[in-house]
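In this note's numbering, the protein residues as written are 457 to 853.
For reference, the structure discussed in these notes is given below.
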Ligand code: HEM
C-alpha cells in the first residue's frame, strides 16, 4: 500500500473511512493533537463495551489516567518491581519443584506468557497471605494458574470478538469464560487478598466513586487484566526466542548480567530483589528489548476525527481530515521496518540500539532528518503507555 499510495492515504474498511499515516516525522504532531480534534477515547470506549462489556457511569479516561499514573512510577514502581521479583520466583521455581521429577515441559510462549501474567496478576491484584508461607505461595500458584488459563481462552477469541465475528459456539464459550473471570476478579474475592498494589487500591476507589456496581467493577478489573498483562508475556517470548536463536546476542546479555551483578552491593544468592540500579544499567539488554519490539510490536494507533480539520505533515504538505472518519498510525511499517532508517530491517541485530562505546543509540535518520521516535512500541504523545517502566523491569527480571 505504501509503495502504491505513499505515506498517507485513505481507505474504506468496515464502513468507515480510515486515513493511514505512515510518515514517522509527522507522528509527533498527531500524537499531541488535542482530544477535541483527534480523540483516542471514543474508539477505546467502543472496544471496552464490545469486548469487555464495560460501561462506566460518568466515565472520564483523563481522570482514570491521572489516578493511575502515580501508582506506576517512582516509589510505587520500585514496590511493583520488588513484588514482581518475589512472585516470578514463586511461579517459576515453585512450579518446577512441584513437578514430580523436578521438570516440567511447556512451550516457550506458554512459559513466558504464563509466568509474567501470573506474577503480574499477583503483583497488581494481591496475594493469598502476607507474610507468605509455603502453603500460601502454593495457593497463589494454583489461583494465578486458573486466572491465566481462563484469561488465555478469552485472549485467543479477542480478534473475533473485536470484529464481531464469533460463531454461536464461540459466543457460548466466551460467555462462560467471561463469567468465570468476573467471579475470579470480583471485588468480593479481591477484598481478602494481601499486598494489593496501590494501583488496585486507587482503581477500586475510582470505580466506587463513579458509582459502578460490583458486577461492573469485576468487568472493569478483567479489562484491566488485559490492558496491563496482555503485552508483557508476548514481548518476553519474542525476546527469549531471538536470544535463543542468536548465540552472540545471548553471550553479550550474559556477559552484561555477570558484570552488573558482580558490581552489585550484594551477592545474587542474598538478593530479595534485583535493585532498580541494576535493572537500569543494562544497555545491551535494553538494545535487545528495543530490537525485539521494533520487529514485533504492531499497535494500531487509532484516533477518531472529531472536527473537519487540516492535518499538517512534517514536510509542509497539508491533508484534509473529515469529521467522523478515523486516523490510523501504523509505526510497525514505518519507522520500525523502514529500509531508509534501518539496514536489513527484517533482521534481528541485538546491538542495533547501541553506540560503538556501548551506550544507548538514539540517533536514527530518515531523509536526512533525525527521528524523534525511531520505534513506537509504547505509543506516543497523550496516550503513551503508562506501564512502560513496570513492563520493562518485569521483562528484564
Ligand atoms: C510490553 C508491554 C506493553 C506494551 C508493548 C504496551 C503498549 C502500549 C501502547 C502502544 C499504548 C498506546 C495505545 C494508543 O495510543 O493507541 C499503551 C497504552 C497504555 N498502557 Fe501499555 N503496554 C505494555 C504494558 C503495559 C503495562 C504493564 C501497563 C500497566 C501496568 C500498561 C498500561 C497502559 C495504559 C493505562 C495505557 C493507556 C494510556 C492512555 O489511555 O492514554 N501497559 N500501551
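Note that the Cβ used here is the ideal one computed from N, Cα and C, for glycine as well.
{"Check": "With H, G and I counted as helix, E and B as strand and the rest as coil, what does DSSP make of residue 613?", "Outcome": "helix"}
{"Check": "I need the boundaries of the alpha helix (DSSP H) containing residue 709, first residue and last residue.", "Outcome": "703 to 719"}
{"Check": "From residue 457 to residue 467, what distance separates their C-alpha atoms?", "Outcome": "10 angstroms"}
{"Check": "Determine the DSSP secondary structure at residue 768, reduced to helix, strand or coil.", "Outcome": "strand"}
{"Check": "Could you check whether the Cβ of residue 718 sits closer than 7 angstroms to any heavy atom belonging to ligand 1?", "Outcome": "no"}
{"Check": "If we count the other Cβ atoms within 10 Å of its Cβ and call it buried at 16 or more, is residue 821 buried or exposed?", "Outcome": "exposed"}
{"Check": "Starting from the C-beta of residue 662, find all residues in its chain whose C-beta is less than 8 angstroms away, skip the five residues before and the five after it, and write them out in chain order.", "Outcome": "519, 520, 523"}
{"Check": "Tell me whether residue 834 counts as near ligand 1, meaning its Cβ is closer than 7 angstroms to at least one heavy atom of that ligand.", "Outcome": "yes"}
{"Check": "Please state whether the Cβ-Cβ distance between residue 765 and residue 777 is less than 8 angstroms.", "Outcome": "yes"}
{"Check": "Using three-state DSSP, classify residue 835 as helix, strand or coil.", "Outcome": "coil"}
{"Check": "What does the alpha-carbon distance come out to for the pair residue 646 and residue 582?", "Outcome": "8 angstroms"}
{"Check": "With respect to the alpha helix (DSSP H) encompassing residue 443, which residues constitute its N-terminal and C-terminal limits?", "Outcome": "The structure shown does not extend to residue 443, since the chain is modelled only from 457 to 853, so the question has no answer here."}
{"Check": "Confirm, please, whether the CB-CB distance from residue 793 to residue 802 is below 8 angstroms.", "Outcome": "yes"}
{"Check": "Can you say whether residue 607 is buried or exposed, counting buried as having 16 or more other CB atoms within 10 angstroms of its CB?", "Outcome": "buried"}
{"Check": "Give me the Cα-Cα distance between residue 657 and residue 491, rounded to the nearest whole angstrom.", "Outcome": "28 angstroms"}
{"Check": "Would you kindly work out how many angstroms separate the C-alpha atoms of residue 736 and residue 722, rounded to a whole number?", "Outcome": "17 angstroms"}
{"Check": "Could you tell me the alpha carbon to alpha carbon distance between residue 695 and residue 563, rounded to whole angstroms?", "Outcome": "15 angstroms"}
{"Check": "Check whether the Cβ of residue 842 lies closer than 7 angstroms to any heavy atom of ligand 1, and answer yes or no.", "Outcome": "yes"}
{"Check": "Can you find the residues in the same chain that come closer than 7 angstroms, C-beta to C-beta, to residue 548, ignoring five residues on each side of it along the sequence?", "Outcome": "571"}
{"Check": "Less than 7 angstroms separating the Cβ of residue 691 from some heavy atom of ligand 1?", "Outcome": "yes"}
{"Check": "Contact check, residue 542 vs residue 653 under 8 angstroms by CB: the rounded distance?", "Outcome": "Not quite, the Cβ-Cβ distance comes to about 13 angstroms (not below 8 angstroms), so this is no contact."}
{"Check": "My output table needs one value for residue 591: the three-state DSSP class, helix, strand or coil.", "Outcome": "helix"}
{"Check": "The alpha helix (DSSP H) that contains residue 497, what's its start and end?", "Outcome": "497 to 508"}
{"Check": "Using the rule of at least 16 other Cβ atoms within 10 Å of the residue's Cβ for burial, across every protein chain shown, is residue 668 buried or exposed?", "Outcome": "buried"}
{"Check": "Go to residue 729, then tell me how far its beta strand (DSSP E) extends in each direction, as first and last residue.", "Outcome": "Here residue 729 belongs to no beta strand (DSSP E), and DSSP marks it neither H nor E."}
{"Check": "Ligand 1 heavy atoms versus the CB of residue 828: any closer than 7 angstroms?", "Outcome": "no"}
{"Check": "Would the beta-carbon of residue 755 be found less than 7 angstroms away from any heavy atom of ligand 1?", "Outcome": "yes"}
{"Check": "Helix, strand or coil for residue 462 per DSSP?", "Outcome": "coil"}
{"Check": "Which residues in the same chain as residue 473 place their Cβ atom closer than 6 angstroms to its Cβ, once the five residues preceding and following it in sequence are excluded?", "Outcome": "466, 781"}
{"Check": "Is there contact here, the stretch 473 to 490 with the stretch 499 to 507, by at least three beta-carbon pairs under 8 angstroms?", "Outcome": "no"}
{"Check": "Per DSSP, what kind of secondary structure is residue 474 in: helix, strand or coil?", "Outcome": "strand"}
{"Check": "What residues in its chain sit with their C-beta under 7 angstroms from that of residue 693, if we drop five residues either side in the sequence?", "Outcome": "564, 565, 568, 569"}
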